[in-house]
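First residue of the sequence shown: 20, per the working numbering; consecutive thereafter. C-beta atoms are modelled at their ideal positions from N, C-alpha and C, and glycine is treated no differently. No experiment lies behind these values; they were computed from the predicted model shown.
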Amino acid sequence: MKLFGTDGIRGVVNEELTPEIAFRLGNALGKYVSNRIFIAKDTRASGDMLEAAIIAGATAAGATVYRCGVLPTPALAIITKLEDAVGVMISASHNPPEFNGLKVISKGFKLPDEVEDNLEKRMKELHYVSYSEIGCVVDYKLAFEEYANYVIQQFPNLDLSGLKILVDAGNGAAYETTPYVLKQLGAKVEVINNNPDGYNINVDCGSTNPEQAMKRMTNHNLAILHDGDADRCILLDERKQEVHGDKIMGMCAVQMKNEGRLKNDIVVGTVLSNMGLEVFLRKHGVKLLRAKVGDRYVLEQMLEHGANLGGERSGHIIFLDKSTTGDGLITALETIRTMVLSGKELSELADEVPDYPQVMLNIKCKNKLVVEHKDVKELIEKYKREDTDIIVRPSGTEPLVRVFVQGPDEEYINNVAYEIAGKIEELVKGEENA
Numbered sequence: 020m021k022l023f024g025t026d027g028i029r030g031v032v033n034e035e036l037t038p039e040i041a042f043r044l045g046n047a048l049g050k051y052v053s054n055r056i057f058i059a060k061d062t063r064a065s066g067d068m069l070e071a072a073i074i075a076g077a078t079a080a081g082a083t084v085y086r087c088g089v090l091p092t093p094a095l096a097i098i099t100k101l102e103d104a105v106g107v108m109i110s111a112s113h114n115p116p117e118f119n120g121l122k123v124i125s126k127g128f129k130l131p132d133e134v135e136d137n138l139e140k141r142m143k144e145l146h147y148v149s150y151s152e153i154g155c156v157v158d159y160k161l162a163f164e165e166y167a168n169y170v171i172q173q174f175p176n177l178d179l180s181g182l183k184i185l186v187d188a189g190n191g192a193a194y195e196t197t198p199y200v201l202k203q204l205g206a207k208v209e210v211i212n213n214n215p216d217g218y219n220i221n222v223d224c225g226s227t228n229p230e231q232a233m234k235r236m237t238n239h240n241l242a243i244l245h246d247g248d249a250d251r252c253i254l255l256d257e258r259k260q261e262v263h264g265d266k267i268m269g270m271c272a273v274q275m276k277n278e279g280r281l282k283n284d285i286v287v288g289t290v291l292s293n294m295g296l297e298v299f300l301r302k303h304g305v306k307l308l309r310a311k312v313g314d315r316y317v318l319e320q321m322l323e324h325g326a327n328l329g330g331e332r333s334g335h336i337i338f339l340d341k342s343t344t345g346d347g348l349i350t351a352l353e354t355i356r357t358m359v360l361s362g363k364e365l366s367e368l369a370d371e372v373p374d375y376p377q378v379m380l381n382i383k384c385k386n387k388l389v390v391e392h393k394d395v396k397e398l399i400e401k402y403k404r405e406d407t408d409i410i411v412r413p414s415g416t417e418p419l420v421r422v423f424v425q426g427p428d429e430e431y432i433n434n435v436a437y438e439i440a441g442k443i444e445e446l447v448k449g450e451e452n453a
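This is how it looks when you write it as structure tokens:
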């Protein structure tokens, strides 16, 4: 079974993701990739165990390990870029607490698929150096400061004084970094879900559960909601309405174009990006390119086409001039900067980017090949229209098949989505009973 998925190695801890896997990854990295490895983690209880296993494997191969502690994924990406090194992020992003993951970052970038495939082959053999060559562990105490200062330097003239901002840290990796940076820039900050206990990360909070933040908002100008590793954010405007990644990209793209900062007048989205975003960008002379789902594929398209803005509706957005990966804090600051320069409320800017109706249904399914079944393909062909997108795909991180339909006719797309989902459920049950 293949270890690396669309976002590194991920699974339920001590079932699919074990200390042995972490040890072997650390060992292969230390032997074949780099003798300097930086490690960061989110707030999951299993993080310490997996960190210890990676350290043991890497030092056994002769590498020096720099332990960065709890940090967002984009912070580790920036540190590996600044330090010209390799890093391992221990996080399962938006997944529940029982999951964890291992993501390898090299000089700011996630590894290409072919490099991950080669690394996975190398993990099958263990390599031990002699006792005199065993690596050591360094507590890299500058990590927090290095990241925070870097982000602040990206926004030299941004003054947030007068803004009241609510931060939902999701009991995850950004529970200290985001509030600190916002306060340094002058904002009045209120923070919720910033008491991680190892088991409450992403539980009824953060970017995938905005209801709690909506209830806590009073006279705030906006709210910033992170997932577990803070490589994404969604925002709530002053009306408590969700501002998702498509709207963020739309408003930031126009601001960047007006300033001459948007390279090649291109924005890279995905096949799931809202059609309304495409219409809005076209009106402003900007082309939307669509990549496969996953920020690594968005980044590939950005690099190929010379774009410096791309992302997903989920809030994974890459401002390539500032960060090599999605960064929830930088995304929030770019959006706030756009808001401040426009003199408008966030709701006014968000309303300018139209939203076509979308339906996303998740079907639990271990055999993801069901998406290739002829009955499913026939239904997709039957309901395909010029103004309607139908996408059926397996999740890259969970045992799910996702049915996604969007278009201007809400009743039509709902009927289509539920009919296709019903067919998949029927096929899955048939396999289980066979």
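Three-state secondary structure (DSSP) at residue i?
{"i": "Ala-436", "result": "helix"}
{"i": "Asn-214", "result": "coil"}
{"i": "Met-108", "result": "strand"}
{"i": "Asn-46", "result": "helix"}
{"i": "Asp-67", "result": "helix"}
{"i": "Arg-332", "result": "coil"}
{"i": "Ala-72", "result": "helix"}
{"i": "Val-32", "result": "strand"}
{"i": "Gly-120", "result": "strand"}
{"i": "Leu-145", "result": "coil"}
{"i": "Ser-125", "result": "strand"}
{"i": "Ile-153", "result": "coil"}
{"i": "Glu-39", "result": "helix"}
{"i": "Val-134", "result": "helix"}
{"i": "Gly-441", "result": "helix"}
{"i": "Phe-163", "result": "helix"}
What distance in whole Å lies between the Cβ atoms of residue j and residue i, which are believed to be in contact at a cut-off of 8 Å?
{"i": "Ala-162", "j": "Ala-94", "result": "7 Å"}
{"i": "Thr-350", "j": "Gly-334", "result": "7 Å"}
{"i": "Leu-388", "j": "Ile-439", "result": "Actually they do not touch by this definition, with Cβ atoms about 16 Å apart."}
{"i": "Val-210", "j": "Ala-167", "result": "Not confirmed; about 15 Å, so no contact."}
{"i": "Leu-69", "j": "Asn-119", "result": "6 Å"}
{"i": "Ala-192", "j": "Leu-90", "result": "6 Å"}
{"i": "Lys-442", "j": "Val-395", "result": "6 Å"}
{"i": "Glu-353", "j": "Phe-338", "result": "6 Å"}
{"i": "Gly-415", "j": "Gly-264", "result": "Not a contact, Cβ separation roughly 17 Å."}
{"i": "Asp-246", "j": "Ser-112", "result": "6 Å"}
{"i": "Asp-408", "j": "Met-294", "result": "7 Å"}
{"i": "Arg-315", "j": "Thr-25", "result": "7 Å"}
{"i": "Leu-300", "j": "Ala-272", "result": "6 Å"}
{"i": "Val-262", "j": "Leu-365", "result": "6 Å"}
{"i": "Gly-127", "j": "Thr-83", "result": "With 8 Å as the limit, Gly-127 and Thr-83 do not qualify as a contact, their Cβ atoms being about 19 Å apart."}
In angstroms, rounded to a whole number, what distance separates the CA positions of residue i and residue j?
{"i": "Asn-54", "j": "Gly-81", "result": "7 Å"}
{"i": "Lys-385", "j": "Leu-419", "result": "7 Å"}
{"i": "Val-424", "j": "Lys-341", "result": "33 Å"}
{"i": "Asp-67", "j": "Arg-86", "result": "11 Å"}
{"i": "Glu-165", "j": "Lys-183", "result": "26 Å"}
{"i": "Glu-417", "j": "Val-298", "result": "32 Å"}
{"i": "Tyr-437", "j": "Cys-224", "result": "28 Å"}
{"i": "Pro-198", "j": "Lys-160", "result": "19 Å"}
{"i": "Asn-219", "j": "Pro-38", "result": "22 Å"}
{"i": "Gly-329", "j": "Glu-195", "result": "26 Å"}
{"i": "Lys-217", "j": "Gly-88", "result": "The sequence as given places Gly at residue 217; Lys does not occur at that position. Those two C-alpha atoms are separated by around 14 Å."}
{"i": "Val-390", "j": "Val-411", "result": "6 Å"}
{"i": "Ala-77", "j": "Glu-117", "result": "25 Å"}
{"i": "Leu-138", "j": "Phe-42", "result": "13 Å"}
{"i": "Asn-114", "j": "Arg-63", "result": "11 Å"}
{"i": "Ala-242", "j": "Met-236", "result": "8 Å"}
{"i": "Arg-251", "j": "Lys-383", "result": "25 Å"}
{"i": "Thr-357", "j": "Leu-291", "result": "24 Å"}
{"i": "Ser-180", "j": "Leu-44", "result": "45 Å"}
{"i": "Tyr-147", "j": "Ala-47", "result": "10 Å"}
{"i": "Tyr-51", "j": "Leu-380", "result": "42 Å"}
{"i": "Pro-229", "j": "Ala-249", "result": "15 Å"}
{"i": "Glu-367", "j": "Met-321", "result": "28 Å"}
{"i": "Asp-178", "j": "Leu-145", "result": "52 Å"}
{"i": "Arg-421", "j": "Asn-433", "result": "14 Å"}
{"i": "Leu-254", "j": "Asp-346", "result": "13 Å"}
{"i": "Leu-185", "j": "Glu-445", "result": "44 Å"}
Residue i CB to nearest chain B CB: under 8 Å?
{"i": "Ser-333", "result": "Of the protein chains in the structure, only one exists, and it is not chain B."}
Which residue or residues does DSSP assign as beta-bridge partners of residue i?
{"i": "Asp-158", "result": "Arg-86"}
{"i": "Arg-55", "result": "Thr-83"}
{"i": "Ile-184", "result": "Val-208, Leu-241"}
{"i": "Lys-448", "result": "Paired residues: none, contrary to the question."}
{"i": "Thr-25", "result": "Gly-27"}
{"i": "Ile-337", "result": "Gly-329"}
{"i": "Ala-310", "result": "Thr-289"}
{"i": "Lys-60", "result": "Val-89, Ile-109"}
Any heavy atom of the ligand ADP closer than 7 Å to the beta-carbon of residue i?
{"i": "Thr-83", "result": "This structure simply doesn't include the ligand ADP, nor any ligand for that matter."}
request  = Kindly provide the ranges of any beta strand (DSSP E) runs that are 3 or more residues long and lie completely inside the region 360 to 434, ordered along the chain.
outcome  = 377 to 383, 408 to 413, 419 to 425
- Which full runs of the alpha helix (DSSP H) of 4+ residues lie inside the region 271 to 303, going along the chain? Scanning the region 271 to 303 from its first residue to its last, the whole alpha helix (DSSP H) runs of 4-plus residues come out as 294 to 302.
* Asked: Which full runs of the alpha helix (DSSP H) of 4+ residues lie inside the region 191 to 274, going along the chain?
  -> Counting whole runs of 4 or more residues, the region 191 to 274 contains the alpha helix (DSSP H) stretches 196 to 203, 230 to 235.
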